[in-house]
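*Asks:*
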Amino acid sequence: MLETTLSELESRAVSLIDGADNAEALENARVEFLGRKGSLANIGKEMGKLAPAERAQIGKLLNAVKQNLESRYEVRKSGFERAELDARLAAEWVDLTLPAPGTRPGSLHPLTQIQRELEELFTSLGFAVVDGPEVETEWHNFDALNIPPTHPARDAQDTFWLTDGHLLRTHTSPVQVRAMEKFGAPLRIIAPGRVFRNEEVDASHEHTFYQLEGMMIDRDVSVAHMLYFMKSLLTAIFKKDVTVRLRPGFFPFVEPGFELDIQCLICGGSGCPVCKQSGWVELLPCGLVHPNVLRSGGIDPEEWNGFAFGLGLTRLVMMRYAIDDIRHLAAGDLRFLQQF
Ligand code: PHE
Numbered sequence: 008m009l010e011t012t013l014s015e016l017e018s019r020a021v022s023l024i025d026g027a028d029n030a031e032a033l034e035n036a037r038v039e040f041l042g043r044k045g046s047l048a049n050i051g052k053e054m055g056k057l058a059p060a061e062r063a064q065i066g067k068l069l070n071a072v073k074q075n076l077e078s079r080y081e082v083r084k085s086g087f088e089r090a091e092l093d094a095r096l097a098a099e100w101v102d103l104t105l106p107a108p109g110t111r112p113g114s115l116h117p118l119t120q121i122q123r124e125l126e127e128l129f130t131s132l133g134f135a136v137v138d139g140p141e142v143e144t145e146w147h148n149f150d151a152l153n154i155p156p157t158h159p160a161r162d163a164q165d166t167f168w169l170t171d172g173h174l175l176r177t178h179t180s181p182v183q184v185r186a187m188e189k190f191g192a193p194l195r196i197i198a199p200g201r202v203f204r205n206e207e208v209d210a211s212h213e214h215t216f217y218q219l220e221g222m223m224i225d226r227d228v229s230v231a232h233m234l235y236f237m238k239s240l241l242t243a244i245f246k247k248d249v250t251v252r253l254r255p256g257f258f259p260f261v262e263p264g265f266e267l268d269i270q271c272l273i274c275g276g277s278g279c280p281v282c283k284q285s286g287w288v289e290l291l292p293c294g295l296v297h298p299n300v301l302r303s304g305g306i307d308p309e310e311w312n313g314f315a316f317g318l319g320l321t322r323l324v325m326m327r328y329a330i331d332d333i334r335h336l337a338a339g340d341l342r343f344l345q346q347f
């Protein structure tokens, strides 16, 4: 009786194992016949009820069936594993003789982009782009700009002093002086560059940032001329109307001096960390050049006058791209930089 069951079971199992066309079907067959609760195990349990002689005979038969099925199973299993490996090797094959894919092209830093745009605008208006040293003399950074040693304005620009008495320029204004010394009047220059202040770093302050200085010296220059240039500049940058306000501002090197603020483009004026909840961002300090400064640069204030401005390039970039944390700009994170 058991003998027939067993041989039927064997032929069914053989056809399922040999005929399995994937690893899953094979595994199902293994569980059905060879598993701990599978058909062969069940027969094993029933054997206890048999007479000893019959039990020995069936036992032998059962073992033979089991071995047959197991070895077929192993053959099939290693066949599937082999096929899987072959498929992976074919898919992941790398041709080492091919040339490397090459480096991805980089992109210009947003500060560089905005700097170049402004250089283009101002050169079209007859301005020259000039450069100055980042390590400055006290004379160029302060004294020549009408900021004597005891002047409180020195405190407002926390300075990195070098041990030899030089300093890291706290603004691009010393380039005004260098340009006057070098070229005299009339003069139209811009000076983009890096400046340094010993400041606590937070979302809107960095110890290193960028300004763009501008200076125009000619005969009878007025605040109206200055405003014309400032408006051209803002229109070119933002490519739309921005709301501005002009406040009196004090800088020892200009008289009168102004603060040109723009309404915060990140929050639209409702208040955010960049505008310190005020809705306004100081963007463009400017004014008419103080006679003492012209004199420092070797220019006669009786004959010439002019305007100057100091644009916060870093802040401008943040406004333009709605960047809410100044620290992104110098962090070197490619995920940030590749967006530009
Ligand atoms: N140098 C000033 C600063 O960094 C800005 C400024 C430049 C103001 C030119 C007036 C004219 O704060």
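In this note's numbering, the protein residues as written are 8 to 347.
Just so it is clear, CB atoms sit at the ideal spot from N, CA and C, and this is done for glycine as well.
Would you mind reading off the limits of the alpha helix (DSSP H) that contains Asp150?
*Replies:* Premise fails: Asp150 is in no alpha helix (DSSP H) and is neither H nor E.
*Asks:* Among Leu253, Lys67, Asp28 and Ala30, which one has its Cα closest to the Cα of Ser14?
*Replies:* When only C-alpha atoms are compared, the closest one is Lys67.
*Asks:* Provide the residue(s) that pair with Trp356 in DSSP beta bridges, ordered along the chain.
*Replies:* No statement about residue 356 is possible, as the shown extent of the chain runs from 8 to 347 and does not include it.
*Asks:* Can you check which of these residues, Ala160, Val72, Asn49 and Pro199, is closest to Ser18 by C-alpha distance?
*Replies:* When only C-alpha atoms are compared, the closest one is Val72.
*Asks:* Do you know how far the Cα of Leu69 is from the Cα of Asp25?
*Replies:* About 19 angstroms.
*Asks:* Compute the beta-carbon to beta-carbon distance between Met222 and Gln183, rounded to the nearest angstrom, for a pair I have assumed lies under 8 angstroms.
*Replies:* Indeed they touch by this definition, with Cβ atoms about 5 angstroms apart.
*Asks:* Just to confirm before moving on: does the CB-CB distance between Glu266 and His297 stay below 8 angstroms?
*Replies:* No. Outside cutoff.
*Asks:* Just the Cα atoms here: how many angstroms apart are His212 and Glu188?
*Replies:* Those two C-alpha atoms are separated by around 32 angstroms.
*Asks:* Mind checking which residues open and close the alpha helix (DSSP H) that includes Asn349?
*Replies:* In the structure displayed, the chain extends from 8 to 347; residue 349 sits before or after that span and is not available.
*Asks:* Using CA coordinates, which residue listed in Ile154, Met8, Lys56 and Arg254 is at the minimum distance from Asn299?
*Replies:* The residue with the shortest Cα to Cα distance from Asn299 is Ile154.
*Asks:* CB-CB under 6 angstroms to Glu34, same chain, minus the five flanking residues each way: which ones, in chain order?
*Replies:* Contacts found: none.
*Asks:* Relative to the C-alpha of Ala210, which residue among Gly51, Ser22, Pro59 and Leu336 is closest?
*Replies:* Nearest option by C-alpha distance: Leu336.
*Asks:* Using a Cβ-based criterion (distance less than 7 angstroms to any ligand heavy atom), does Phe316 qualify as near ligand 1?
*Replies:* Indeed, a heavy atom of ligand 1 lies less than 7 angstroms from the Cβ.
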